[in-house]
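For the sequence shown, full-length UniProt numbering begins at 1 and goes up steadily by one. Some notes on the structure that comes next.
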Amino acid sequence: MRAALWLLGLFGVAVAVALFAGNNQGTVTLFWPPYRVDLSLNMVVLLLVGGFVTLHAALRALAALLELPHQARRWRQQQKERAMHGALLDALAHLQAGRFLRSRKAAVAALSQESALEAAGESVPHGRQLRALAHMAAAESSHALQDRATRENHLRLAMEHAPANGNAQEQGLREGSQMRAARWALDDRDSESALEWLAALPQGAARRTLALRIKLKATRLAGQPQSALETARLLAKHRAFSPAAAQSIVRGLAGELIHGAHDPAQLQQVWLTLEPAERAMPELAIQAAQRLVELGGDAAQVRAWLLPMWERMVEQPRAVADQHALKLVRALEAGLDSIDGAWLARIEAAQQANPRDARLSYLAGMACLKRQLWGKAQQLLTQSAQHLADASLRGSAWRYLAELADQRGDTDAAAHAWKQAALQH
């Protein structure tokens, strides 16, 4: 289509020229005393067009000739810039490949080439960002080579070339440098320095997943379980871990807080800082209850913390793992001396609703034993001793049955019970 339009245009120009020049009788007379020159108008037009074309071509040729030194200088600058960028790419490639010495040399070469360009007055527009990135590559390689002095020197220079009040790219480089510095401090087991680097980050950068991961490790290394727990919660909300891993990390940190409590008041405060989902974890509820018993806390408070888990075990026996149910029974058994009527009713109702659950029968039998209901206690303990899966509970049930038999003066039953208790060890 374009070729056809050009052809039509040429035909139009040819027709216009033919109409204008074909019968043009005009002349142009030049007087140069004592001469007179007569030229046709067509010739004058051709001479003018030819002169313009010749002059334009000559001026273009002169401009190209004068431009040659500038083009040569620009070509040399481009070659230096390409070498500089090539050295930086080599540094990053060697860093990824684990060739740390070569990476540092390439980064230093890139910095030298950039400095030479700047000294020649031919600095690149993104020179500051390039210097910061090259210094960070050299610092990373030095860290891998265990050269802390060189690492700190390159880190300092990288921070100078990435000011906090710079543009968005420079701010991003600075934040990345601070995170890498925190990571290096963490590798050096210097949790205090790592936390200082993270604290220097802007608020938005400090809540990024990478920064939170570093902070979690640093706070755990520094022995700050409360701060580590808060960080783990943020990471869980950001979905930085799988649900199972997040639950395991939170459970472990909360357990450290519970274990670190030194008195009932402090333990109570720790328990209140936990989220409802965390307090509903069987492991934490049992651990908190056992720790409160160790610290001489209120037995009623112990049972209050264990109540949600108890209700879950009664309503859905399979929802609670066997080891957790066993610990729950042991924890409740330890506080039977001060148990109130409400809990006695709960235990009795649970046992009657699930008569085949040997653990509930054992707990109900122990409750009756504490209340000196010897007959009912013997019946429930005998029933549970024959079906308990846990050896420790079976041994405990047989020992109490032996004591009951001794009280009745039934030596044969007592001997049989003591023998069964001994077999459980």
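Glycine residues also receive a C-beta, built at the ideal position from the N, C-alpha and C atoms.
Residue i in three-state terms, based on DSSP
| i | result |
| --- | --- |
| L274 | coil |
| R99 | coil |
| L253 | helix |
| G260 | coil |
| G223 | coil |
| M281 | coil |
| F241 | coil |
| P69 | helix |
| V15 | helix |
| A288 | helix |
| R189 | coil |
| D406 | helix |
| H161 | coil |
| E118 | helix |
| G9 | helix |
| Q372 | coil |
| D337 | helix |
| G179 | The displayed chain sequence assigns Met, not Gly, to residue 179. Note: M179 maps to helix in three-state DSSP. |
| V108 | helix |
| L328 | helix |
| N153 | helix |
| R208 | coil |
| L55 | helix |
| M43 | helix |
| P355 | coil |
Whether residue i touches residue j by CB criterion (8 Å)
| i | j | result |
| --- | --- | --- |
| S142 | H161 | no |
| V331 | I258 | The displayed chain sequence assigns Ala, not Val, to residue 331. The answer is no: Cβ separation not under 8 Å. |
| L88 | A107 | yes |
| R251 | L284 | yes |
| A218 | S248 | no |
| A200 | Q178 | yes |
| A120 | M84 | no |
| T27 | L39 | yes |
| A182 | L198 | yes |
| L401 | T382 | yes |
| A134 | A164 | no |
| E122 | Q79 | no |
| L95 | A137 | yes |
| A277 | L253 | no |
Option nearest residue i by Cα separation, candidates the options
| i | options | result |
| --- | --- | --- |
| Q146 | R36, D188, W75 and G375 | D188 |
| V124 | T273, R74, P163 and A138 | R74 |
| Q323 | A134, A58, L201 and L388 | L388 |
| A385 | R371, D410 and D357 | D357 |
| L404 | W418, R394 and A391 | W418 |
| P264 | V302, P243 and E256 | V302 |
| R174 | P202, H56, R148 and E196 | P202 |
| A350 | E315, Q226 and G255 | E315 |
| A240 | E67, A211, L7 and G260 | A211 |
| E333 | A364, A61, D390 and K215 | A364 |
| G98 | E140, L117, A149 and L68 | E140 |
| L393 | A414, H416 and Q424 | Q424 |
| A261 | A232, V293 and S242 | V293 |
| H343 | R291, E256 and L307 | First, the amino acid is wrong: residue 343 is Trp here, not His. Here the closest residue by C-alpha is L307. |
Supposed contact pair residue j and residue i - C-beta distance, whole angstroms, cut 8 Å
| i | j | result |
| --- | --- | --- |
| A299 | S338 | 5 Å |
| A245 | W271 | Actually they do not touch by this definition, with Cβ atoms about 24 Å apart. |
| E170 | R128 | 7 Å |
| V320 | P282 | 6 Å |
| R151 | W184 | 7 Å |
| K370 | L328 | The Cβ separation is near 17 Å, so there is no contact. |
| V37 | L30 | 4 Å |
Beta-ladder partner(s) of residue i, from DSSP
| i | result |
| --- | --- |
| D38 | T29 |
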